[in-house]
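Asker: Residue numbers (my numbering): 3 to 321. Beta carbons: idealized from backbone N, C-alpha and C, even for Gly. Computed from a prediction, not measured in an experiment: that's the story for all the values here. My questions all concern the structure below.
Right under this line is the structure:
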């Protein structure tokens with residue numbers, strides 16, 4: 003497998019903030035779409051991009067909540083979008099395309115993690131459907147508006163170490179495991195970027211996936227305190243036992259992926275801590291401290307997933 007998964011020595015690191023990652027970059031006149039850009043690291047992503055001059059469109063499942071969270075941020079507009087509902091995806095894309103505007107930065111930030119077994123649409127497993135299929139349909143429907151030379155950023159996670167694509171049971175119809183389901187969805191987020199980078203070459207569009215780092219945000223809403231204690235994240239009193247990133251630090255790799263001139267000419271890569279990640283050792287087991295699994299950046303796997311996703315959603319801008 004040919005890959006460019008090697009550090010480039012960006013000069014940034016785990017403690018870099020989103021504002022630091024975009025410092026010196028002028029986004030005046032640029033338009034960004036950031037799903038979930040009103041909560042957790044998504045909110046910090048929106049703040050950093052608008053601070054650099056961009057106009058940001060935030061499609062949100064909870065529109066009123068989003069408008070309240072973004073009330074003090076300039077150059078932002080909020081619209082409605084439920085990634086678990088393909089009709090909602092179609093409607094949002096239709097409204098945006100009708101404006102005739104171009105998208106320079108498209109950031110697939112929204113997602114769910116380790117939720118109880120939930121089915122959406124025609125019975126799809128909710129984490130795969132929301133984190134991957136919803137964004138797959140969204141990007142494909144918005145593709146006519148994506149500008150030449152644009153960047154698409156897909157938020158994955160180190161959680162992708164938990165599972166490759168389960169081709170024999172993608173929808174977990176034979177027993178549900180919330181962490182395996184999350185892992186598969188996050189692997190899908192990486193493979194999506196790998197394939198989109200290939201398909202977007204004619205327009206000079208590049209795509210990246212990334213691990214933002216461990217951050218305590220509303221993403222943990224489905225995890226009971228007991229489980230976080232068991233995983234060694236907090237103690238009985240709720241004190242952190244591991245060093246989590248701040249939301250400002252967690253948004254840094256997203257912002258760096260979307261805007262950094264250091265990534266010019268590159269694409270289809272998995273990033274972490276504001277740099278390109280190395281490949282995990284081929285014999286690695288379980289979740290390692292860093293790196294990307296080979297199955298998540300395998301181009302044949304990426305093409306296979308794209309075909310399946312197009313079949314499931316009925317959308318393919320490149321067909």
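#1: Compute the Euclidean distance between the alpha carbons of residue 142 and residue 319, then round it to the nearest angstrom.
#2: For residue 176, does the count of other Cβ atoms within 10 angstroms reach 16, so buried, or fall short, so exposed?
#3: What first and last residue would you give for the beta strand (DSSP E) that runs through residue 137?
#4: Closest to residue 36 by C-alpha separation, out of 321, 154 and 300, would be which residue?
#5: Buried or exposed: where does residue 321 fall if 16 or more other Cβ atoms within 10 Å of its Cβ makes it buried?
#6: Taking the alpha-carbon of residue 254 as reference, which of 178, 90, 216 and 308 has the nearest alpha-carbon?
#7: Give me the Cα-Cα distance between residue 222 and residue 114, rounded to the nearest whole angstrom.
#8: Cβ atoms of residue 97 and residue 149: under 8 Å apart, would you say?
#9: Short of 7 Å in beta carbon distance, which residues of its chain neighbour residue 17, apart from the five on each side in sequence? Order them along the chain.
#10: Contact check, residue 80 vs residue 68 under 8 Å by CB: the rounded distance?
#11: Looking at C-alpha atoms only, which residue of 144, 184 and 140 is the closest neighbour of residue 158?
#12: Where residue 3 and residue 291 are concerned, what is the direct C-alpha to C-alpha distance, given to the nearest angstrom?
#13: Does DSSP put residue 316 in a helix, in a strand, or in coil?
#14: Between which residues of its own chain and residue 299 is the CB-CB distance below 7 Å, once the five residues before and five after are set aside?
#15: Leaving aside the five residues before and after residue 56 along the sequence, list all residues of the same chain whose C-beta is less than 6 Å from its C-beta, in chain order.
#16: If you count every other CB in all the chains shown that lies within 10 Å of the CB of residue 76, and 16 or more means buried, which is it?
#17: State buried or exposed for residue 206, treating a residue as buried only when at least 16 other CB atoms are found within 10 Å of its CB.
Answerer: Inspection of the coordinates gives the following:
#1: Between residue 142 and residue 319, the C-alpha separation is close to 5 Å.
#2: exposed
#3: No beta strand (DSSP E) holds residue 137; the alpha helix (DSSP H) holding it covers 136 to 144.
#4: 154
#5: exposed
#6: 216
#7: Note that residue 222 scores a pLDDT of 48, beneath 50, so its modelled location is shaky; the value from the coordinates is reported in the next line. One C-alpha to the other measures close to 9 Å.
#8: no
#9: 251
#10: 5 Å
#11: 184
#12: Bear in mind that a pLDDT of 47 at residue 3, under 50, signals an unreliable position, so the model cannot answer this.
#13: coil
#14: So the qualifying residues of the chain are 5, 7, 192, 196 and 272.
#15: 29, 32 and 34
#16: exposed
#17: exposed
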